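>
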Amino acid sequence: MKKIETNLADLKKDIGAFYKPELHHFIVMNAVQCGDKMEVQWFFNDYAYPGETTCFYALISPEEEVPGMKDIVASAWVAEAELVDLMNIKVENTMKGFVLEPDFESGPLLKKK
Amino acid sequence: MGRQYEIPVGAQHISLLEPLHFKFTTENEKIIRTDANVYYVHRGIEQACCSKFKFRQVSFVVGRVCGLCSISHTTAYSQVAEKLLKLDIPKRAKYLRMLVIELDRIHSHLLCLSHVAENSGFEALFMKTMQYREFSMELLEAVCGNRIQYDFSIVGGVARDLKPETGQLILQRLKNFMPQLEELVGIYQHNRTLSLKNKGVGVLSKDDALRLNVVGPFARAAGLAVDVRNETEDLLPWKEVGFEMITDTAGDVHARNMIRLREIYISIRIIQNIINGLPESALLTETKAFPDGEATVRLEAPRGELFYYAKGNKTQVLERLKIKAPTFSNVAGMVHAFTGNEYGSAAAIIASYDPCLSCTAR
Amino acid sequence: MNLAPYRKKSPWILHYNAGGCNGCDIEILACLSPKYDIERFGMINTGNPKQSDILLVTGPVTKRSRERLVEIYAQMPEPKVVISCGACASTGGVFRGMYNCEGGVDQFIPVDVYVCGCGTRPEQIIDGVVQALAILEKKTKGLEESVKLKKEAVKEGHQLNRRHIADEIKPVLT
Chain A
1 MKKIETNLAD LKKDIGAFYK PELHHFIVMN AVQCGDKMEV QWFFNDYAYP
51 GETTCFYALI SPEEEVPGMK DIVASAWVAE AELVDLMNIK VENTMKGFVL
101 EPDFESGPLL KKK
Chain B
114 MGRQYEIPVG AQHISLLEPL HFKFTTENEK IIRTDANVYY VHRGIEQACC
164 SKFKFRQVSF VVGRVCGLCS ISHTTAYSQV AEKLLKLDIP KRAKYLRMLV
214 IELDRIHSHL LCLSHVAENS GFEALFMKTM QYREFSMELL EAVCGNRIQY
264 DFSIVGGVAR DLKPETGQLI LQRLKNFMPQ LEELVGIYQH NRTLSLKNKG
314 VGVLSKDDAL RLNVVGPFAR AAGLAVDVRN ETEDLLPWKE VGFEMITDTA
364 GDVHARNMIR LREIYISIRI IQNIINGLPE SALLTETKAF PDGEATVRLE
414 APRGELFYYA KGNKTQVLER LKIKAPTFSN VAGMVHAFTG NEYGSAAAII
464 ASYDPCLSCT AR
Chain C
476 MNLAPYRKKS PWILHYNAGG CNGCDIEILA CLSPKYDIER FGMINTGNPK
526 QSDILLVTGP VTKRSRERLV EIYAQMPEPK VVISCGACAS TGGVFRGMYN
576 CEGGVDQFIP VDVYVCGCGT RPEQIIDGVV QALAILEKKT KGLEESVKLK
626 KEAVKEGHQL NRRHIADEIK PVLT
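Put into structure tokens, the structure is as follows:
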């Protein structure tokens with residue numbers, strides 16, 4: 001697995017330069033808690049043999065808003081909507097309520113302090 | 114422009130195995146927009162795997178993510194845990210894992226085909242396919258001890274050995290199944306009634322498949338050659354046992370049926386090769402280490418690419434486990450491929466996606 | 476019209492997955508297939524709650540599907556029997572205590588037959604369904620009895636009508 005660090009400002013530029021629909025496919029978007037910070041990851045994989053997994057990651061604080069990837073990767077909205085509910089991060093143009101009921105406490109995957 | 118109507122399908126519907134809600138906006142019977150609600154079966158398995166269960170128990174928990182491809186989930190989790198433990202497993206265990214994955218693929222594909230036939234209104238073919246499918250369930254029971262929920266892969270290897278007489282039984286049953294499979298291919302390919310219902314329906318073009326990152330038979334029917342078995346060989350030696358990529362170009366329901374039927378031939382060949390060339394070695398590698406670092410694993414489940422991400426912290430409990438199921442990638446493509454079709458064929462299209470929502474929602 | 480004999484000979488089943496793993500669902504589908512052939516008891520899988528007599532529920536009840544489950548149960552006509560299929564539908568199973576699971580169908584609707592196993596074998600499902608048939612028959616009889624309000628045998632020459640019964644019951648109620 002190849003890991004490439006990026007930050008929120010350069011994120012769209014980096015992924016836009018990397019992602020070619022005919023060469024790579026988008027796997028999933030993920031978030032991992034690292035202390036107070038949150039590591040947000042975007043996984044891509046090659047179509048060719050031997051395929052390599054590439055991971056873009058950015059360390060953010062929970063209040064920051066992550067830019068939406070929908071204009072670069074058309075199918076990213078499902079993963080974004082899931083992370084908004086499960087990890088309680090903010091993503092541009094994504095509402096809560098796709099995974100969990102509206103009356104439910106958001107961010108169940110976060111570790112309790 | 115005609116009047117627009119909203120037609121809901123689900124959460125409980127005769128053509129759905131699981132709760133799934135589609136809201137079709139139709140105009141003169143043509144679907145122009147679809148909204149999907151796929152998270153009825155969200156249970157919170159990821160959170161439980163990272164808090165309640167120890168890392169050796171998790172392989173049994175993730176099997177319960179999905180009953181159709183439970184062996185894919187347990188194997189993918191075992192592999193990701195082995196990567197975190199830096200463990201190399203015996204060759205016989207790898208071969209046995211591949212054997213059960215391919216047997217599982219046969220039963221899953223036949224189930225999907227029968228479901229497409231039922232939803233296209235061909236009840237007799239549903240019964241026929243289900244009847245022919247039973248042999249794979251009996252073989253899985255003979256190999257793993259249970260018809261569903263095998264719990265065959267564990268961290269470090271496999272839980273049961275394959276007896277030589279079971280191997281012979283599998284070969285004998287596969288030989289008996291071949292004429293039945295040919296009969297099924299004949300019906301699914303040439304039957305006029307089924308063709309009218311399936312050809313040219315639910316088309317997904319190759320460009321859309323690329324754009325929406327579709328995986329599995331859904332993508333291969335559209336001409337996109339994406340198969341994890343073709344892309345990695347470090348964990349399971351697929352090419353050694355005779356894997357071959359199968360694609361089609363039409364991208365409709367009929368093409369998906371044919372892809373599944375042709376993949377069953379490949380699965381049968383792989384199973385025969387595995388049993389004839391099963392290496393002799395131990396079944397399990399023991400270790401006292403704790404998972405550390407992060408790792409990813411990709412595996413081809415019956416519905417497409419299964420992706421596991423795990424992060425360990427040198428304790429019994431994992432820090433984070435992320436499961437990406439095949440249908441999760443296909444949701445965007447599924448919603449897109451309805452557009453322009455008649456509402457009457459929606460049930461057949463849903464079945465031909467072979468959606469597995471318990472995988473998607475976890 | 477007396478429906479009871481027909482109900483016993485052709486109970487229609489309704490299947491709802493309240494959040495399970497699909498394992499029990501495919502075994503229910505296998506029950507409908509030629510090898511196990513549940514249709515020899517006159518059972519047909521129907522999609523309409525208003526026509527069905529037996530409700531087969533699988534899976535631990537998730538937060539989003541609980542309202543649908545209760546709604547489906549409420550739409551079914553009396554008499555009705557509920558079978559919970561599999562360990563997780565009966566008790567919550569491995570999903571018990573997960574944040575989006577309620578753990579067991581019987582927390583929301585009354586369950587008559589519990590079928591154990593993970594996953595449930597088709598033989599067990601058939602066994603459970605046959606037990607449900609006996610319960611259905613008993614419930615059908617119970618439904619007829621309730622009209623007579625469990626009155627003692629009527630003396631000869633004495634016509635009993637509903638008003639008499641109501642008059643007698645009234646002081647008890649108030």
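Residue numbers (the working numbering), protein chains in the order written: chain A, 1 to 113; chain B, 114 to 475; chain C, 476 to 649. Even glycine gets a Cβ: it sits at the ideal position worked out from N, Cα and C. Since this is a predicted model, take the numbers as computed values, not measurements.
1) In three-state DSSP terms, what is B/M240?
2) Mark A/I15 as exposed unless 16 or more other C-beta atoms lie within 10 angstroms of its C-beta, in which case mark it buried.
3) In chain order, what residues of the same chain have a beta carbon less than 6 Å from the beta carbon of B/E407, not counting five sequence neighbours either side?
4) In the DSSP assignment, find the unbroken beta strand (DSSP E) run with B/E407 in it and report its ends.
5) Could you check where the beta strand (DSSP E) with A/E39 kicks off and where it finishes?
6) Taking Cβ-Cβ distances shorter than 7 Å, what residues in chain C pair up with B/Q262?
7) Taking Cβ-Cβ distances shorter than 7 Å, what residues in chain A pair up with C/Y574?
8) When you compare only the Cα positions, how much space is there between B/T139 and B/L275?
9) List, in chain order, every chain A residue whose beta-carbon is nearer than 7 Å to that of B/R156.
10) How long is the line joining the alpha carbons of B/Y378 and B/N289, rounded to whole angstroms?
11) Within 8 Å of any Cβ in chain C, is that where the Cβ of A/F98 sits?
12) With DSSP run on the structure shown, which of helix, strand or coil describes B/T147?
13) Is B/G315 near B/N454, with beta carbons less than 8 Å apart?
14) DSSP three-state label for B/A363, please.
15) Taking the beta carbon of B/N426 as the centre, do at least 16 other beta carbons fall within 10 Å, making it buried, or is it exposed?
16) Restricting to Cα atoms, I'd like to know which of B/N141, B/Y153, B/A206 and B/Y190 is closest to B/R433.
17) Would B/P439 and B/V328 be called neighbours here (beta carbons separated by less than 8 Å)?
18) Would you please state the rounded distance, in angstroms, between the beta carbons of B/I283 and B/I388? I believe it to be under 8 Å.
19) May I ask which residues mark the beginning and end of the alpha helix (DSSP H) holding B/R284?
20) With three or more beta-carbon pairs closer than 8 Å as the criterion, would you say the segment 503-519 of chain C touches the segment 591-607 of chain C?
21) On the CB-based measure, 16 or more other CB atoms within 10 Å of its CB, does B/Y118 come out buried or exposed?
22) Under 8 Å, with one C-beta from each stretch per pair, do the segment 7-25 of chain A and the segment 49-64 of chain A reach the 3-pair mark?
23) Note down, in chain order, every chain C residue with its Cβ under 7 Å from the Cβ of B/C179.
24) Could you tell me whether the Cβ atoms of B/P415 and B/S221 are closer together than 8 Å?
25) Run down chain A in chain order and give the residues with a C-beta less than 8 Å from the C-beta of B/R333.
26) I'd like the ranges of any alpha helix (DSSP H) spanning at least 4 consecutive residues and lying wholly in the segment 476-526 of chain C.
27) Could you spell out where the alpha helix (DSSP H) holding B/R169 opens and where it closes?
28) Label B/D67 either buried or exposed according to how many other C-beta atoms from any shown protein chain fall within 10 Å of its C-beta, with 16 as the threshold for buried.
29) In chain order, what residues of the same chain lie with their CB nearer than 6 Å to the CB of B/Y422, ignoring the 5 residues before and after it?
30) Rounded to the nearest angstrom, what separates C/G603 and B/D361 at their Cα positions?
31) Grouping DSSP H, G and I as helix and E and B as strand, with all else coil, what is C/V647?
With the structure as the only source:
1) Position 127 of the second sequence, counting from 1, holds the residue named residue 240 of chain B. Reduced to three states, the DSSP call for B/M240 is helix.
2) Here residue 15 of chain A is taken as the residue at index 15 of the first sequence, counted from 1. Around the CB of A/I15, 16 or more other CB atoms lie within 10 Å, so the residue is classed as buried.
3) Walking along the second sequence from the start, residue 407 of chain B turns up at place 294. So the list reads K424, once near-sequence residues are dropped.
4) In the second sequence, counting from the first residue as 1, residue 407 of chain B sits at position 294. Segment D405 to A414, the beta strand (DSSP E) holding B/E407.
5) Taking the first sequence and counting its residues from 1, one reaches residue 39 of chain A at position 39. Per DSSP, A/E39 belongs to the beta strand (DSSP E) from K37 to D46.
6) Your numbering for residue 262 of chain B matches position 149 in the second sequence. Annotation: Cβ neighbours of B/Q262 in chain C (cutoff 7 Å, chain order): G498, C593 and G594.
7) Taking the third sequence and counting its residues from 1, one reaches residue 574 of chain C at position 99. The contacting residues are P108.
8) Position 26 of the second sequence, counted from the first residue, corresponds to residue 139 of chain B. Position 162 of the second sequence, counted from the first residue, corresponds to residue 275 of chain B. Cα to Cα, the separation comes out at about 53 Å.
9) Counted from its first residue, the second sequence places residue 156 of chain B at position 43. Against B/R156, chain A offers no close residue; the least beta-carbon distance is about 11 Å (beta-carbon pairs closer than 7 Å).
10) Here the question's residue 378 of chain B lines up with position 265 in the second sequence. Here the question's residue 289 of chain B lines up with position 176 in the second sequence. Whole-angstrom Cα-Cα distance: 13 Å.
11) Stepping through the first sequence from its first residue, residue 98 of chain A is reached at position 98. No - not a single Cβ of chain C is within 8 Å of the one on A/F98.
12) Taking the first residue of the second sequence as position 1, residue 147 of chain B is located at position 34. In the structure shown, B/T147 sits in a strand (DSSP, three-state: E or B).
13) Residue 315 of chain B sits at position 202 when you count from the first residue of the second sequence. Residue 454 of chain B sits at position 341 when you count from the first residue of the second sequence. Cβ atoms of B/G315 and B/N454: closer than 8 Å.
14) Position 250 of the second sequence holds residue 363 of chain B. In the structure shown, B/A363 sits in coil (DSSP, three-state: anything other than H, G, I, E or B).
15) For the purposes of this step, residue 426 of chain B is taken as residue 313 along the second sequence, with counting starting at 1. Classification of B/N426: exposed, given that the 10 Å Cβ count is below 16.
16) Taking the first residue of the second sequence as 1, we reach residue 433 of chain B at position 320. Sorting B/N141, B/Y153, B/A206 and B/Y190 by C-alpha distance to the C-alpha of B/R433 places B/Y190 at the top.
17) Here residue 439 of chain B corresponds to residue number 326 of the second sequence, with the count starting at 1. Here residue 328 of chain B corresponds to residue number 215 of the second sequence, with the count starting at 1. Result yes, Cβ atoms of B/P439 and B/V328 sit closer than 8 Å.
18) Mapped onto the second sequence, residue 283 of chain B falls at position 170. Mapped onto the second sequence, residue 388 of chain B falls at position 275. The C-beta separation of B/I283 from B/I388 comes to about 6 Å, placing the pair in contact by the 8 Å criterion.
19) The residue labelled residue 284 of chain B in the question sits at position 171 within the second sequence. In the sequence as displayed, the identity of residue 284 of chain B is Leu instead of Arg. Run containing B/L284: P277 to H303, per the alpha helix (DSSP H) assignment.
20) These segments touch.
21) Taking the first residue of the second sequence as position 1, residue 118 of chain B is located at position 5. Around the beta carbon of B/Y118, fewer than 16 other beta carbons lie within 10 angstroms, which makes this residue exposed.
22) Counting C-beta pairs with one atom in each stretch, the segment 7-25 of chain A and the segment 49-64 of chain A have three or more that are closer than 8 Å, which means they touch.
23) Indexing the second sequence from 1 puts residue 179 of chain B at position 66. Chain C residues near B/C179: C496 and N497.
24) If you number the second sequence from 1, residue 415 of chain B lands on position 302. If you number the second sequence from 1, residue 221 of chain B lands on position 108. Contact flag set, yes.
25) The count along the second sequence starts at 1 and reaches residue 333 of chain B at position 220. Within chain A, no residue comes near B/R333; the closest Cβ sits about 12 Å away, beyond 8 Å.
26) The segment 476-526 of chain C is shown to contain whole alpha helix (DSSP H) runs of 4 or more residues at 479-484 and 498-507, in chain order.
27) Sequence index remark: in the second sequence, residue 169 of chain B carries index 56 (1-based). No alpha helix (DSSP H) contains B/R169, which DSSP labels as neither H nor E.
28) In the structure displayed, chain B extends from 114 to 475; residue 67 of chain B sits before or after that span and is not available.
29) Numbered from its first residue, the second sequence carries residue 422 of chain B at position 309. Cβ within range, chain order: T409 and K435.
30) Position 128 of the third sequence, counted from the start, is the residue given in the question as residue 603 of chain C. Position 248 of the second sequence, counted from the start, is the residue given in the question as residue 361 of chain B. Roughly 44 Å between the two C-alpha positions.
31) Indexing the third sequence from 1 puts residue 647 of chain C at position 172. Only weak support exists for where C/V647 lies, its pLDDT of 47 falling under 50; the value from the coordinates is given anyway. DSSP, read as helix, strand or coil, puts C/V647 in helix.
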